[in-house]
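Step one of this worksheet: look at the structure below.
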Amino acid sequence: MTHPAVSPASSVSSAAHSGNTVPAIPLLINGEFVQSRSTVWRDIINPATQEVLARVPFATPEETDAAINAAHKAFQHWRKTPIGARARIFLRYQQLIRDNMKQLAAMLTAEQGKTLADAEGDIFRGLEVVEHAANIGNLQMGELANNVANGVDTYTLLQPIGVCAGITPFNFPAMIPLWMFPMAIACGNTFVLKPSEQDPMVTMRLVELALEAGVPAGVLNVVHGGEQVVNALCDHAHIRALSFVGSGRVGQHVYQRASLNGKRVQCMMAAKNHAVVMPDANRTQTINSLVGAAFGAAGQRCMAVSVAVLVGAAREWLPDLIDVARTLKVSAGTEAGTDIGPVISRTAADRVATLIERGVQQGARLELDGRNPQVPGYEKGNFFGPTLFSGVRPGMDIYEQEIFGPVLCVMEAENLAQAIALINASPYGNGTAIFTQSGAAARQFQEEIDVGQVGINVPIPVPVPLFSFTGSRGSKLGDLGPYGKQVISFYTQTKTVTQRWFDDSQAGAGVNTTIAL
Ligand code: NAD
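The numbering of the sequence shown is UniProt numbering, which starts it at 1 and goes up by one.
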């Protein structure tokens, strides 16, 4: 059994806790890592071992205010920083992330539970956004129309908007913070980040590296906490835009509260992602894709496939699906060959167990029961093996609710139209996929499905940063998504300038009382 050697970030200091010494996660305010004066703290727990890795404060209102005020002050000079200077910081930053990849991944696995390889994937998908931010010179460009009237030109400036805030979930503690602050800062804004209180250590190490890359004091600030801190970010007059990724319940609250306060808000939220399997699909590749996308990261991806819809003769593939799922290895993310690590917390494990029980009670067939797996050396971990239900129908809790664990619901449809109708009737619209060799079926699916991310023989179609992450219906609030072109609009204010210059020969042209130029 190997436990990861995880040294806390250098900004993390030790504090007495229950007679032991565990690292205390600091806040970042105006370029300084400072210890919170809060009386409310939470343990950060390795979900494979229950070891307490560190503790995180719930920042006081004064500390949250100080972070926002530091960002507000820093905006006055950062907004005027030349594009090249901003871009070069992110060029250095991407290299620092690469140089520290192994350490970052070990930290992420220790506090979040996913396998080391998947942790590197989490960091890499964020790194791609950092690379994109380094390209800001080509992205933050306005438009110009020459001679819109005699001697008149109109052009746009994409100017930074001010202090932006980000609130992030536990399941991608590297990628999702990196969706947010690099693009916001590259556009000339300053930022206050509120990472997940369940696994903030890798996020803090990434923040440290951002400062090392040259992000100036006050441009990036971090506060920790829960509802109270989030509400303060939604309410504070200096915050102009707020990005949220997390559950539907919290996302709706954040959207309503921050919008009522006049802020721009983008909320990426819960999901129930369906994969449609047509009988003409490549059988082996499809089954392997489904199993990887359903059970990888213990099903704790917002883009995990949680429902497989077997169409027509593909209904006969169920035994193969079960056989492949059964082969997956359940263990700590640090163990070689692990496919499924633990779920994040005891609370999450209770939720998954309750929903599995309800699935049985409500009449779904539990084909593969992953409850109480034997995991030698990690008896205290929050583990579930691959769990698979067939005979799932709308109305069952396992179908209606996001389980966020390694549980796959298998459903059936007579034909593609029926499968599309089922998906479009779900309240969620985050991701979906179709497996087929028919271009006509794929195109019909692409055209008729009401979901943000669509994969065609691609099970988890998270877009690269040349594009934006999107979402539909209950999975997203706000019109502009994270990263890509859309986030440049989100993080900038368009100013439209119409200009005319007179030379001496045009003096005394007279008064014009019409609206024409
Ligand atoms: P969560 O909603 O519990 O937490 C997200 C953030 O909100 C955290 O920073 C947390 O501290 C804060 N928060 C929690 N309770 C709050 C409250 N009452 N008031 C204000 N803030 C509060 O989500 P989670 O469990 O960390 O993450 C999992 C969820 O995130 C899943 O629903 C998943 O589908 C979703 N998710 C969506 C996407 C996407 O792009 N659509 C990506 C990743 C995760």
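Beta carbons: idealized from backbone N, C-alpha and C, even for Gly.
Among the bridge pairs identified by DSSP, residue 453 is matched with 431.
For residue 129, the secondary structure class from DSSP, reduced to helix, strand or coil, is helix. Distance check between residue 459 and each of 292, 339 and 373 places 292 closest, using alpha-carbon atoms only. Taking a 10 Å sphere around the C-beta of residue 102, we find fewer than 16 other C-beta atoms and assign the residue as exposed. DSSP places residue 120 in the helix class (H, G or I) of the three-state scheme.
For residue 235, the secondary structure class from DSSP, reduced to helix, strand or coil, is helix. The beta carbon of residue 70 sits closer than 6 Å to the beta carbons of 29, 30, 218 and 221 from its chain, once the five residues preceding and following it are set aside; these are given in chain order. DSSP places residue 155 inside the beta strand (DSSP E), whose first and last residues are 152-160. In this structure the stretch 468-476 does not touch the stretch 306-321; the number of beta carbon pairs closer than 8 Å is below three. Residue 263 counts as buried, since no fewer than 16 other beta carbons sit within 10 angstroms of its beta carbon. The C-alpha of residue 307 is placed about 14 Å away from the C-alpha of residue 367. Taking non-hydrogen atoms of the ligand NAD into account, the C-beta of residue 215 is found less than 8 Å away from none of them. Here the alpha carbons of residue 467 and residue 416 stand approximately 28 Å from one another. Each of 355, 340, 419 and 394 was checked against the Cα of residue 386, and the nearest Cα belongs to 340. In this structure, the alpha-carbon of residue 403 lies about 20 Å from that of residue 461. Remark: three or more beta-carbon pairs, one from each stretch, lie closer than 8 Å, so the stretch 173-190 and the stretch 476-494 are flagged as touching.
Listed as beta-bridge partners of residue 44 by DSSP are 54. Runs of alpha helix (DSSP H) with 4 or more residues, each lying fully within the stretch 265-351, are found at 283-295 and 318-326, listed in chain order. Proximity to residue 167 across 214, 144, 85 and 251 peaks at 251, based on C-alpha coordinates. DSSP places residue 245 in the strand class (E or B) of the three-state scheme. Annotation: residue 296 to residue 497 spans about 50 Å, alpha carbon to alpha carbon. A buried status is given to residue 426, since no fewer than 16 other beta-carbon atoms sit within 10 Å of its beta-carbon.
Per DSSP, residue 439 is one residue of the alpha helix (DSSP H) stretching across 439-448.
Ranking 226, 122, 139 and 134 by CA distance to the CA of residue 202 puts 122 first.
In this structure, the ligand NAD has a non-hydrogen atom nearer than 8 Å to the beta-carbon of residue 430. For the 9 Å CB-CB criterion, residue 48 and residue 334 form a contact. Contact annotation, residue 68 with residue 163: C-beta distance approximately 6 Å; criterion of less than 8 Å satisfied. Here residue 478 carries a coil assignment [DSSP, helix/strand/coil]. A distance below 9 Å separates the beta carbons of residue 247 and residue 270. By the 16-neighbour rule on beta-carbons within 10 angstroms, residue 354 is exposed. Cα atoms of residue 375 and residue 369: separation of roughly 15 Å, rounded to the nearest angstrom.
The C-beta distance from residue 236 to residue 58 rounds to 17 Å, too long to fall under 8 Å, and the pair is not in contact. Counting along the chain, the unbroken alpha helix (DSSP H) around residue 88 starts and ends at 83-99. Relative to the ligand NAD, residue 80 has its C-beta separated by 8 Å or more from all heavy atoms. For residue 256, the shortest separation between its Cβ and any heavy atom of the ligand NAD does not lie below 8 Å. Looking at the DSSP output, residue 180 shares a beta bridge with no other residue.
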